[in-house]
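Only one structure is covered here, and it is reproduced in the block below.
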Amino acid sequence: MNNFDVAIIDYGLGNLFSIKHACEHVGLSIQITNDTNDILNAKSVILPGVGAFGDAMKALNRLDLVAPIKDVAAKGTPLLGICLGQQLLFSESEEFGHYKGLDLIPGTVQYLAVQQHENRTLKVPQVGWNSINIPPDKGPNAWDGTLLQGMPPATDMYFVHSCYTVPQNTDAVLCVTRYGDTVFCSGSTHGNITAFQFHPERSGKDGLRIYTNFSQQIRSAEAS
Amino acid sequence: MKFRIIPRLDIKGPNLVKGIHFEGLRVLGKPEDFALYYYENGADELFFQDTVASLYDRNSLHEIVRKTSSQIFIPLCVGGGLRSVKDIREVLRAGADKIAINTEAIKQPELIREASIAFGSSTIVVSIEAIKRDNGKWEALIEYGRETTGVDALEWAKKAEKLGAGELIITSIDQEGTGKGYDLELTKAIASSVSIPVIAGGGCGGPDDAVKVLKEGQADAISMAATLHYKTIEILMEKSKSYEYSLEGNIEFLKTGRQFAQVNPCTIQDIQKTMQKQGLPCRLKAIHE
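If you read the sequences in order, they're chains A and B.
The opening position of the first sequence corresponds to residue 18 in the working numbering, with each subsequent residue numbered one higher.
The opening position of the second sequence corresponds to residue 1319 in the working numbering, with each subsequent residue numbered one higher.
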């Protein structure tokens, strides 16, 4: 096991520094890395990302990172995907063509549509704060034991995205968000994997709460 | 979706400054203090603009970005003097989440495409500083309002979107620093011509102006400086009687305690309350405090 808590995967895309600051703020030590051994032996892994899906998969393939990410997912290491990092965990995306993803959460990635809503144009990308809620088919305790534990419904988080994920199995949907007439999956969970479309590290004190919960998840994974 | 309130901090050397029409810059204090105060008090995002980066070196800005970025957990956009993908990479490495480009984007529009491919469209904000001309159109200016270009601001906005900009921040130089309200026509003309978010800037004198530009100007977000900064100075001075400010630059105004008469100093919460009354959703204070 490595002597740091979180391996933040560096494949050339995304603001790794804001994730680093958020981790350190809640007492997690980090290593920004694209080294296979760092990732395989990590106590936890964060897959960040900003940019286009196809380019990101090319970068992961070029750096030989696909197999190590699948390996850590398989052996139960806490794995957190953020923004594009979330989308990459899905099976495939239609952004700028058709691309295969890491396929760790069965489902697809689709475009958000520009729409008219209450006499104004809702722009794409969606940039800004929007609230996350418990999926309507789940009970009020759905967030217990997840990274959203203790979060009141309708908490605002910071989003920047043009696409959203559609998990094949609705059990994987952790939270949902409304943009105009579209209600989309803004967070998903599948075993030891959690993924968010929004940026918890840029969502103020509520976002930092997710990092605190992640830290607890790492500690209990270590203990077990 | 909530309408974003984005405090704008104009920076010269180590100082937060404010002028009128980008001229006669006054020193208000340390940008780090203001940034932290805005983060703690409901800002949705922060925008740092280096006022003289194209004239001097940028080390002091990087230092401010580095320090601020580790203390605030909301997005930070940084603009001023970015001339290449390398410059952009450096400021992102210092801790910025997004960057804003104006001068170099107009001189070399391909930079927008290159940068949006390298860092993702959502990282690249094109800043347009516009001045109204006698023919009823707006011209885009560069070099912090010091140089004309002959470029039509509306046409440029559409082109910037096509080249890959993720957002536009539109500043009216006519209104900037006056507190007389945003240029509603300019904002509306651009916001209704592009499908990416438009941040309105320049002229906010208080909460009512914010509401107007969101409703009539169709802005997706608002930025403001003087109206917040003057209130913040009062609060910071009240908190610490020995409020420190750097001795560089024009600080006469801080010593005398005078302020711009046109601006109605207010807090972010004042703006939020007015927006809510007018049915404009905004982010409420964080729950985990």
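Beta carbons are placed, not taken as given, at the ideal position from N, Cα and C, and that holds for glycine.
For clarity, every value in this text was computed on a predicted model and none was experimentally measured.
Taking C-beta pairs closer than 7 Å, name the residues in chain A that residue i reaches, listed in chain order.
| i | result |
| --- | --- |
| Thr1441(B) | Val67 |
| Asp1415(B) | Asn32, Ser35 and Arg219 |
| Leu1410(B) | Asn32 |
| Glu1485(B) | Val144 |
| Arg1601(B) | Trp146 and Asp173 |
| Arg1326(B) | None at all; the shortest Cβ gap to chain A is about 16 Å. |
| Phe1352(B) | Near Phe1352(B) there are no residues of chain A at all, since even the closest Cβ is about 17 Å away, more than 7 Å. |
Using the beta-carbon of each residue, which ones in chain B are nearer than 8 Å to residue i?
| i | result |
| --- | --- |
| Ala39(A) | Phe1391 |
| Tyr196(A) | Met1319 |
| Val131(A) | Ser1513 |
List the residues of chain B that residue i touches, going by C-beta distances under 7 Å, in chain order.
| i | result |
| --- | --- |
| Glu111(A) | Within 7 Å Cβ-Cβ: nothing; Glu111(A) doesn't reach chain B, min ~17 Å. |
| Asp22(A) | Here the premise fails: no neighbours, minimum Cβ distance about 18 Å. |
| Leu64(A) | In chain order: nothing, as chain B lies at least about 15 Å away. |
| Gly225(A) | One detail in the question is off: residue 225(A) reads as Leu in this sequence, not Gly. By Cβ distance, chain B contributes Phe1391. |
| Arg137(A) | Gln1536 |
| Val177(A) | Ser1440 |
Between the beta-carbon of residue i and the beta-carbon of residue j, is there less than 8 Å?
| i | j | result |
| --- | --- | --- |
| Ala1423(B) | Leu1472(B) | no |
| Gln103(A) | Phe213(A) | yes |
| Ile1586(B) | Leu1546(B) | yes |
| Gly31(A) | Gln132(A) | no |
| Leu106(A) | Ile122(A) | yes |
| Ala1537(B) | Ala1509(B) | yes |
| Leu1504(B) | Trp1474(B) | no |
| Leu139(A) | His178(A) | no |
| Ser35(A) | Arg226(A) | no |
| Leu1486(B) | Gly1535(B) | no |
| Glu1479(B) | Thr1421(B) | no |
| Thr163(A) | Val43(A) | no |
| Ala171(A) | Asn186(A) | no |
| Ser1513(B) | Val126(A) | no |
| Pro152(A) | Val190(A) | yes |
| Gly221(A) | Phe1391(B) | yes |
| Val1383(B) | Ala1414(B) | yes |
| Ser1490(B) | Gly1520(B) | yes |
| Gly1468(B) | Phe1340(B) | no |
So residue i and residue j are in contact, right, with Cβ under 8 Å, and what is the actual spacing, rounded?
| i | j | result |
| --- | --- | --- |
| Pro1525(B) | Asp1588(B) | 5 Å |
| Met1593(B) | Phe1321(B) | 7 Å |
| Glu109(A) | Cys180(A) | Their Cβ separation, rounded to whole angstroms, is 12 Å, which puts Glu109(A) and Cys180(A) out of contact at 8 Å. |
| Val1529(B) | Leu1602(B) | So it is not a contact: roughly 17 Å between Cβ atoms. |
| Gly231(A) | Leu97(A) | Reading off the sequence, residue 231(A) comes out as Phe, not Gly. The Cβ separation is near 6 Å, so the contact holds. |
| Ile47(A) | Glu41(A) | 7 Å |
| Gly1517(B) | Ala1483(B) | The residue asked about is misnamed: residue 1517(B) is Ile in this sequence, not Gly. Not a contact, Cβ separation roughly 12 Å. |
| Leu119(A) | Asp88(A) | Actually they do not touch by this definition, with Cβ atoms about 11 Å apart. |
| Tyr1500(B) | Asp1470(B) | Actually they do not touch by this definition, with Cβ atoms about 20 Å apart. |
What does residue i reach in chain A if we use C-beta pairs closer than 8 Å?
| i | result |
| --- | --- |
| Pro1349(B) | Residues of chain A passing the Cβ test: none, with the nearest at roughly 18 Å. |
| Glu1515(B) | Strictly speaking, residue 1515(B) in this sequence is Pro, with Glu absent from that position. Those are Lys140, Pro142, Val144 and Gly145, listed as they occur along chain A. |
| Ser1387(B) | Phe34, Ser35 and His38 |
| Phe1365(B) | None at all; the shortest Cβ gap to chain A is about 13 Å. |
| Asp1527(B) | By Cβ distance, chain A contributes nothing, its closest Cβ being about 19 Å from Asp1527(B), past 8 Å. |
Give the residues of chain A in contact with residue i, contact being defined as C-beta atoms less than 9 Å apart.
| i | result |
| --- | --- |
| Ala1539(B) | Val144 and Gly145 |
| Lys1425(B) | Within chain A, no residue comes near Lys1425(B); the closest Cβ sits about 25 Å away, beyond 9 Å. |
| Asp1470(B) | The premise fails here: Asp1470(B) is roughly 22 Å from chain A at the closest Cβ pair, so nothing lies under 9 Å. |
| Arg1322(B) | Val144, Gly145 and Trp146 |
Return yes when the C-beta of residue i is under 7 Å from any heavy atom of the ligand MG, and no when it is not.
| i | result |
| --- | --- |
| Gly1342(B) | This structure simply doesn't include the ligand MG, nor any ligand for that matter. |
Are three or more beta carbon pairs between the stretch 1323-1331 of chain B and the stretch 206-213 of chain A nearer than 8 Å? With a cut-off of 8 Å, the stretch 206-213 of chain A and the stretch 1323-1331 of chain B do not count as touching, because too few Cβ pairs lie within range.
Could you pull out every unbroken alpha helix (DSSP H) segment of at least 4 residues lying fully inside the stretch 1358-1438 of chain B, listed in chain order? 1377-1387, 1403-1411, 1421-1425 and 1428-1437
Entirely enclosed beta strand (DSSP E) segments - the stretch 1455-1501 of chain B, minimum 3 residues: 1456-1459 and 1485-1490
Under 8 Å, with one C-beta from each stretch per pair, do the stretch 1400-1420 of chain B and the stretch 1439-1459 of chain B reach the 3-pair mark? Using a C-beta cut-off of 8 Å, the stretch 1400-1420 of chain B makes contact with the stretch 1439-1459 of chain B, since at least three inter-stretch Cβ pairs fall below that distance.
Counting Cβ pairs closer than 8 Å, one from the stretch 84-98 of chain A and one from the stretch 1335-1354 of chain B, do we hit at least three? no
Residue ranges of each alpha helix (DSSP H) within the stretch 46-106 of chain A, 4 or longer: 53-57, 70-79, 83-91 and 101-105
With a floor of 4 residues, list each alpha helix (DSSP H) that falls wholly inside the stretch 99-161 of chain A, ordered by position along the chain. 101-105
Scan the stretch 1507-1538 of chain B and note each continuous alpha helix (DSSP H) run of 4 residues or more that stays entirely inside, going in chain order. Within the stretch 1507-1538 of chain B, complete alpha helix (DSSP H) segments of at least 4 residues are found at 1525-1533, given in chain order.
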